[in-house]
Amino acid sequence: MSINVGHIRAAVVTMRANRWRSLLTMFGIVVGVASAIVIVSIAQGVKNSITGQVNAFSKNVITVGASSQDPTGLGLTSIPFVSTLTYQDAKAIAKIPGVQVSVPLEVLSGLPTGDKTLRHGIVFATTQNLPQVLNQTLAYGAFFNDQDSNAFSAVLGSNAAIGLFNDPIPLGYSFTWRNQQFVVDGVLNSFETTPFANDTLFNNAVFIPVGAADQMSLYNNPVYQILVKVKKAALLPAVAKKIKTTLLNSHGGQADFSVLLPSQIAGSSTSILNLMTELTLGIAIVSLFVGGVGIMNVMLVSVTERMHEIGIRKAIGASNRQILMQFLIESTTVSIVGCMIGIVLAVLAIFSLRAATNLAPAMQWPVFAAAAVVSILIGIIFGSVPAIRAARKEPIDALRND
Amino acid sequence: MALIKLEDVSKLYGFGDATTLALDEVNLSINKNEFVAIMGPSGSGKSTLLNIMGLLDKPTHGTYKLQNRHVDRLRTAQAAKLRRDTIGFIFQSYNLLPRLTVLENVALPLAYKGIGQTRRLKYASSMLERVGMQNREYFYPSQLSGGQIQCAAIARALVNNPQIIIADEPTGNLDSAGSRLVMELLSEIHKMGNTIIFVTHNPELTRYATRVVYMHDGMIIHDEKTAVGEVAKTARDKMYSIAKKTVEDDLAGVSLLMNLVPEKDYETSKVPTKKKTKTRRRTSGGKNRKKRTR
Ligand SMILES: Nc1ncnc2c1ncn2[C@@H]1O[C@H](COP(=O)(O)OP(=O)(O)OP(=O)(O)O)[C@@H](O)[C@H]1O
Ligand SMILES: [Mg+2]
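Here's what the structure looks like:
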């Protein structure tokens with residue numbers, strides 16, 4: 001064992017003696033480790049916030065979508081052009097036992113204009129239970145209720161309030177949409193924004209009562225989603241099944257809709273993220289591999305340069321195994337130091353990402369451990385060819401080499 | 403009982419037409435506590451012989467018995483172990499590893515033996531003290547003189563307490579003062595009971611030896627016992643005159659030596675001295691002349 005401590009020390013001495021060469025050798029490992037950790041942390045951070053959101057507001061909520069497939073899993077692009085879901089469907093679902101509330105979200109076209117025209121917004125027709133389903137409260141004012149479901153009142157998302165009136169509290173203000181005047185009843189609290197999730201949509205949305213839309217003769221508006229809140233989590237599968245049969249009946253046997261449980265929502269919105277993570281991780285692994293080849297190359301040169309040293313060591317009694325260990329420990333030290341530098345860089349990058357963006361990368365110890373293990377393996381695997389070469393050298397040949 | 407016994411040992415290098423016969427059926431046995439000097443012209447196979455005796459190389463033919471054990475076909479791991487435990491090496495140059503301190507260099511064989519750091523440094527330190535280098539422990543080899551490097555190398559060769567010390571031209575790179583320092587040290591070690599085999603081109607240094615072996619073309623052409631403190635007769639009479647600068651002188655000296663040694667009688671320790679040869683000494687330097695006390 002003591003010889004190994006000596007080896008590590010010797011390896012450090014060698015590395016110091018060739019500082020620049022060692023640094024350049026480590027470069028691939030440093031880049032690979034740093035990027036792998038950062039990427040995995042970002043992905044995990046995003047996943048955490050998506051599941052966090054889903055758990056917060058979609059808890060016990062079944063999402064009935066307009067098509068049988070969720071093409072991308074991205075909320076923004078899954079708005080269908082043709083929808084067969086109707087307000088009647090929402091009403092039918094509300095009658096299923098175990099369902100607490102069933103809320104339709106109709107998507108309507110046209111730009112609302114207050115002090116300004118809301119360009120990046122969307123108008124939803126919905127019912128009074130939306131806040132309950134979204135598990136969201138109002139920042140100001142009140143949500144419209146069933147009594148004024150025919151009134152031309154509206155509730156704004158936090159960004160929509162700014163977008164229309166440049167005023168965070170535009171209660172009582174009015175705006176025009178499709179030549180109809182609407183009065184602002186309330187403003188929703190801001191949804192925590194999460195990449196790839198629906199929430200940015202809601203922050204920019206204008207919500208009007210379904211009855212108002214009907215009065216404007218906008219019948220059979222496409223229903224984007226029906227959000228169904230179930231009384232107990234245990235009832236989720238049963239209710240989802242019942243929704244499917246109910247809708248199949250009313251849609252004449254056509255499965256032109258999707259019924260997603262909360263877990264499936266999180267799953268579908270992370271699938272693209274997973275794909276991207278895997279691709280970038282692949283690049284990081286290539287970088288680690290290149291780093292390993294770099295180590296091998298430098299170690300081969302080092303072995304050639306130090307033939308005489310190997311000869312002396314063998315002459316004074318070093319066995320092949322001891323020489324093998326010396327060079328393996330040297331290459332592993334290089335890769336471990338590279339890994340440590342990579343980890344430090346990754347942590348710095350993660351902290352600056354946290355400070356500068358809303359990505360909130362999540363550091364995970366298993367990832368660091370995996371990086372360390374992979375680095376050690378790379379040091380051993382790519383160091384073994386040069387080390388074996390050094391160990392196999394006959395002492396007399398090594399000594400004669402100058 | 404012989405400590406080292408070589409029987410019909412040959413060493414061939416290369417293949418086909420390029421084959422070199424570096425050792426040609428050499429027979430040599432060396433007893434415990436002998437102090438053997440090996441001499442001979444360049445390329446005569448001295449280093450090859452030493453490397454085989456030191457288990458750094460294997461003979462192509464013949465047998466080698468070390469301490470009565472066959473060692474000519476040892477596996478590398480066994481050879482390494484035997485080398486570590488019974489043989490200490492001193493080379494002509496680049497003896498010490500440049501990135502380790504003198505102390506660490508000396509302690510290195512003990513590290514390969516698996517001895518703990520504290521103990522081996524302590525032991526290495528006492529070895530350095532023995533060779534008069536205690537105040538150079540933390541120096542790096544680049545900060546030492548040639549003689550000091552060789553002294554440290556001797557300390558390292560001794561640190562395992564090996565029976566045999568093998569030194570290939572240990573004074574080859576040293577001036578006369580450095581050579582004396584190194585040889586005095588080896589001589590002291592010899593008195594402690596070690597067996598020492600060294601190669602030299604300097605006949606003066608046979609003074610320290612108890613036996614001188616002369617080689618030529620891979621063969622031992624002469625082998626004589628000498629008294630410690632005296633330059634070996636053959637070396638004195640013949641080689642003095644041939645320690646010259648030119649190749650011609652070298653060749654002339656060697657052929658002279660060849661003439662003097664009867665073909666079938668390599669083992670004799672008595673070589674007739676012919677007065678005629680004295681005339682060749684005219685070329686030798688005044689310094690050498692002075693030392694030849696008659
Ligand atoms: N690795 C080798 N490959 C081929 N030939 C070799 C090799 N090593 C030595 N020889 C040859 O073997 C012969 C003996 O070499 P050796 O090194 O033993 O001579 P030496 O007596 O030590 O000479 P010097 O006094 O110059 O050190 C020489 O002819 C040399 O060319
Ligand atoms: Mg030689």
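As you go down the protein sequences, you meet chains A and B in turn.
Residues in the first sequence are numbered from 1 upward in steps of one, following our numbering.
Residues in the second sequence are numbered from 403 upward in steps of one, following our numbering.
Backbone N, C-alpha and C fix where the C-beta goes; we use that ideal spot for every residue, glycine too.
If you check the C-beta of K413 (chain B) against ligand 2, you find no heavy atom less than 6 Å away. For P511 (chain B), the chain A residues whose Cβ falls inside 9 Å of its Cβ are I316, G317, A318, in order along the chain. The three-state secondary structure of G141 (chain A), taken from DSSP, is strand.
Along the segment 298-315 of chain A, the positions whose C-beta sits under 8 Å from a C-beta of chain B are H308, E309, I312, R313, K314, A315, read in chain order.
Look at A398 (chain A): its C-beta is not under 7 Å from any C-beta on chain B. In this structure, L560 (chain B) lies away from M585 (chain B), with their beta-carbon atoms at least 7 Å apart. Per the coordinates, the alpha-carbon of I162 (chain A) lies some 46 Å from the alpha-carbon of A371 (chain A). Interface residue (Cβ-Cβ distance to chain A less than 7 Å): D426 (chain B) is not classified as such. In terms of Cα proximity to Q364 (chain A), the closest of A:I350, A:T357, A:D115, A:I376 is A:I350. Here R613 (chain B) is buried: its Cβ has 16 or more other Cβ atoms, across all protein chains shown, within 10 Å.
Contact annotation: in the segment 14-31 of chain A, residues whose CB is within less than 8 Å of a CB in chain B are T14, A17. Against chain B, the beta carbon of P386 (chain A) has no neighbour under 8 Å; the closest one sits roughly 18 Å away. Between V183 (chain A) and S190 (chain A), the C-beta spacing is not below 7 Å.
Taken through DSSP and simplified to helix, strand or coil, L498 (chain B) comes out as coil. The beta carbon of S302 (chain A) sits no closer than 6 Å to any heavy atom of ligand 2.
W177 (chain A) is bridged by DSSP to A:Q180. Chain-ordered, the chain A residues with CB closer than 7 Å to the CB of D459 (chain B) read I396.
Taking the Cβ atoms as the reference, I432 (chain B) lies roughly 14 Å from L457 (chain B), outside the contact range of under 8 Å.
Interface criterion not met: the Cβ of Q326 (chain A) is under 7 Å from no Cβ in chain B.
DSSP places K413 (chain B) in the uninterrupted beta strand (DSSP E) bounded by 404-415. Y610 (chain B) is classed as buried because its beta carbon has at least 16 other beta carbons within 10 Å across all chains shown.
When the five nearest sequence neighbours on each side are left out, the beta carbons in the same chain lying within less than 7 Å of the beta carbon of K244 (chain A) are those of V259, in order along the chain. Contact of Q44 (chain A) with chain B by beta-carbon distance below 7 Å is absent, the smallest such distance being about 44 Å. Closest in C-alpha terms to D89 (chain A), from the list A:N145, A:T176, A:V223, comes A:V223. Interface residue (Cβ-Cβ distance to chain A less than 7 Å): Y466 (chain B) is not classified as such.
Taking a Cβ-Cβ threshold of 9 Å, the residues of chain A close to K483 (chain B) are G317, S319, in chain order. Checking the 6 Å criterion, the Cβ of K448 (chain B) is within range of a heavy atom belonging to ligand 1.
L328 (chain A) has its alpha-carbon roughly 22 Å from the corresponding atom of A481 (chain B). In this model, H603 (chain B) and V615 (chain B) are separated by some 12 Å (Cα to Cα). Closest by C-alpha distance to L248 (chain A), out of A:L399, A:T84, A:S352, is A:T84. The closest heavy atom of ligand 1 lies less than 6 Å from the beta carbon of S444 (chain B). Within chain A, the residues placing a beta-carbon under 7 Å from that of A479 (chain B) are S319, N320, ordered along the chain. Distances between the C-beta of A424 (chain B) and the heavy atoms of ligand 1 include at least one below 6 Å. Straight-line spacing of the CA atoms in M299 (chain A) and G383 (chain A) works out to 7 Å.
Excluding residues up to 5 positions away in sequence, P131, V155, G186, V187, L188, N189 lie with their Cβ nearer than 8 Å to the Cβ of L138 (chain A) in the same chain.
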